Amino acid sequence: MVNVILAGGGTAGHTSPLIATAQAITAIAPDTQITCIGTARGLETRVVPEAGLDLELVPAVPLPRKINLDLFRVPGRLAGAVRQAKKILRAHDADVVCGFGGYASLPAYLAARRLKIPVVIHEQNALPGLANKIASRFAVAVLTSFPGTELKGARFEGLPVRRAITDLAEAGRTAAAASARQSFGLAPDLPVLLVSGGSQGARSLNDATVDATDRLLAAGIQVLHVWGPKNYHDGLTERVDQTTGARYVPVGYVDAMERAYAAADLMLARSGAGTVVEVATVGLPAIMVPLPIGNGEQARNAKPLVDASAAICIDDAELTADRLVSEVTALFAAPGKLAAMSAAAQKLMRPDAAARVAHVVLDAAQAGER
39 MVNVILAGGG TAGHTSPLIA TAQAITAIAP DTQITCIGTA RGLETRVVPE AGLDLELVPA
99 VPLPRKINLD LFRVPGRLAG AVRQAKKILR AHDADVVCGF GGYASLPAYL AARRLKIPVV
159 IHEQNALPGL ANKIASRFAV AVLTSFPGTE LKGARFEGLP VRRAITDLAE AGRTAAAASA
219 RQSFGLAPDL PVLLVSGGSQ GARSLNDATV DATDRLLAAG IQVLHVWGPK NYHDGLTERV
279 DQTTGARYVP VGYVDAMERA YAAADLMLAR SGAGTVVEVA TVGLPAIMVP LPIGNGEQAR
339 NAKPLVDASA AICIDDAELT ADRLVSEVTA LFAAPGKLAA MSAAAQKLMR PDAAARVAHV
399 VLDAAQAGER
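Take any residue in the sequence shown, count from 1 to its spot, add 38: that is its number in the numbering used here.
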């Protein structure tokens, strides 16, 4: 029996490909023992157990982006996290560690290196994070979601997405639209704009959407607004336009985003790697608004879709209610353009990425056993 450790977490951008890879490993080698490593502060404490996976915790060690007092505390904190990770790897007799970024990955990578356990890394973003940059120096395989990611020895395998996403892509959003809209209380025969700023939400997207909603409803465009638990807005009240029948439906969080994708005709979103790949996989046209902080990875994530005319990109500072109404109404007035965007998006993605990554992980485990 092969013992696989999957490390990563924090946000859905890290947990979703982790869970998708676990599903693919189980489908390929059902007797594989999979254990996940995360931290107590991340989304993984809920979604990993809900996926039926075992979860072990290590202390979170944030890496400061600036030189300050926290930077000098990192070595001691990291050493403690690595010690805990080593205990977990020994307890589970790990054959391989595969990391997906986030606070839990670096301790797992360093513990595996000290125990001479093979390391596989998967980088979700077009611009790699620090933990994966460090681990790429000693990993046996370095896998990326996008071509051209600058990591030593990197090879493009795509981003693993959950089986429910690939199932929707194969069935087609149109086939699932009616039941999905009914589940959210949306009218079945009017177009739907889906808004989501990721697992935590995005204030600028929420503000623009709330201010634009009445005009969108008056134009017969419904809004399914996933506002995110950390970005509540006072204007988040369900309502219906009495003339057009279009509905505004705000929800805090959606566990099964494939249902929201199926209900929608167009999406307004941040361009985290997970969102970019999922909407492209299911062929959902998108207006991307990259997060304006960090190292610019979200703008790089969106670039392949924008270059292929599969998405529109708007700078966060330029996202206003007026701009949103203008872009959305123009797209819904041109159904041929939406159809072309959908087809272009699906041509870019590798729907079998989860299986490809799973095979790499299992091969690394078997090579390490020899």
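Built from N, CA and C at the ideal position, the CB exists for glycine as well.
Only a predicted model underlies this, so the values are computations on that prediction, with no experimental measurement involved.
query	result
Bounding residues of the alpha helix (DSSP H) (the contiguous stretch that carries GLY314)	Looking at the sequence shown, residue 314 is not Gly but Val. Note, VAL314: alpha helix (DSSP H), 311-320.
CB-CB length for ASP354 against VAL398, believed under 8 Å	That pair is no contact at about 35 Å.
Ordered list of beta strand (DSSP E) runs contained in the region 367-400, each at least 3 residues	none
Proximal residues to ALA250 (C-beta, below 6 Å), its chain only, five neighbours per side dropped	ALA359, LEU362 and VAL363
DSSP state of THR182 mapped onto helix, strand, coil	strand
Alpha carbon of ALA150 to alpha carbon of MET39, nearest angstrom	19 Å
Buried or exposed (CB count within 10 angstroms, at least 16 for buried), GLY46	buried
Opposing strand residues paired with ILE159 [DSSP bridges]	GLY137 and VAL180
Cβ pair LEU343, LEU386 closer than 8 Å	yes
Own chain residues within Cβ distance below 8 Å of ALA381, not counting five before or after	GLY321
Residues near VAL422 in its chain [Cβ-Cβ closer than 8 Å; skip 5 each side]	Past the boundaries of the shown model lies residue 422; the chain is included only from 39 to 408, so the question cannot be answered.
Cut-off 7 Å between Cβ atoms - residues of its own chain near LEU216, not counting five sequence neighbours on either side	Per the sequence presented here, residue 216 reads as Ala, with Leu not at that position. Closer than 7 Å at the Cβ level, and outside the excluded window around ALA216, lie PRO226.
Touch test, the region 200-213 against the region 369-377, Cβ-Cβ under 8 Å, three pairs minimum	no
Cβ-Cβ distance between PRO145 and VAL178 below 8 Å	no
Boundaries of the beta strand (DSSP E) in which TYR286 is found, first to last residue	285-289
Residue from ALA393, GLY310, VAL292 and ARG121 whose Cα sits closest to the Cα of ASN333	GLY310
Sequence-distant residues of the same chain with beta carbon closer than 6 Å to ARG201, five excluded per side	GLN61
Chain C contact for ASP249 (CB, 8 Å cutoff)	No chain C is present in this structure, which holds just one protein chain.
Rounded straight-line distance, which links the Cα of HIS52 to that of ALA89	14 Å
Those residues which DSSP pairs with ILE75 across a bridge	ALA45 and GLU94
Residues that DSSP places opposite ILE325 in a beta bridge	LEU306 and ILE350
Among GLY139, TYR147, SER143 and LEU116, the one whose alpha carbon lies nearest that of PRO166	GLY139
Inter-residue spacing [alpha-carbon to alpha-carbon] between GLN71 and ILE350	42 Å
Three-pair Cβ contact test at 8 Å for the region 203-210 versus the region 173-189	no
Pairwise C-alpha distance: LEU93 and ALA78	10 Å
Contact set for LEU116: own chain, Cβ-Cβ below 8 Å, skip 5 residues either direction	VAL99, LEU144, PRO145 and LEU148
Cβ-based neighbour list, ALA67, same chain, cut-off 7 Å, excluding 5 preceding and 5 following	VAL40 and LEU400
For VAL233, the residue or residues it bridges with in DSSP	HIS263 and LEU306
Cβ-based neighbour list, VAL230, same chain, cut-off 8 Å, excluding 5 preceding and 5 following	ARG219, LEU224, ILE259, GLN260, VAL261, LEU262, ALA301, ALA302, ASP303 and LEU304
Beta-carbon gap between VAL42 and ALA403 smaller than 8 Å	yes
C-beta contact flag for PRO389 and THR319 at 8 Å	yes
For ARG200, three-class secondary structure by DSSP	coil
Exposed unless 16 or more other CB atoms sit within 10 angstroms - verdict on GLN280	exposed
Endpoints, alpha helix (DSSP H) assigned at ALA250	241-256
Burial state of GLU356 (16 or more Cβ within 10 Å)	exposed
ASN244 versus VAL233: straight-line alpha-carbon distance, rounded	8 Å
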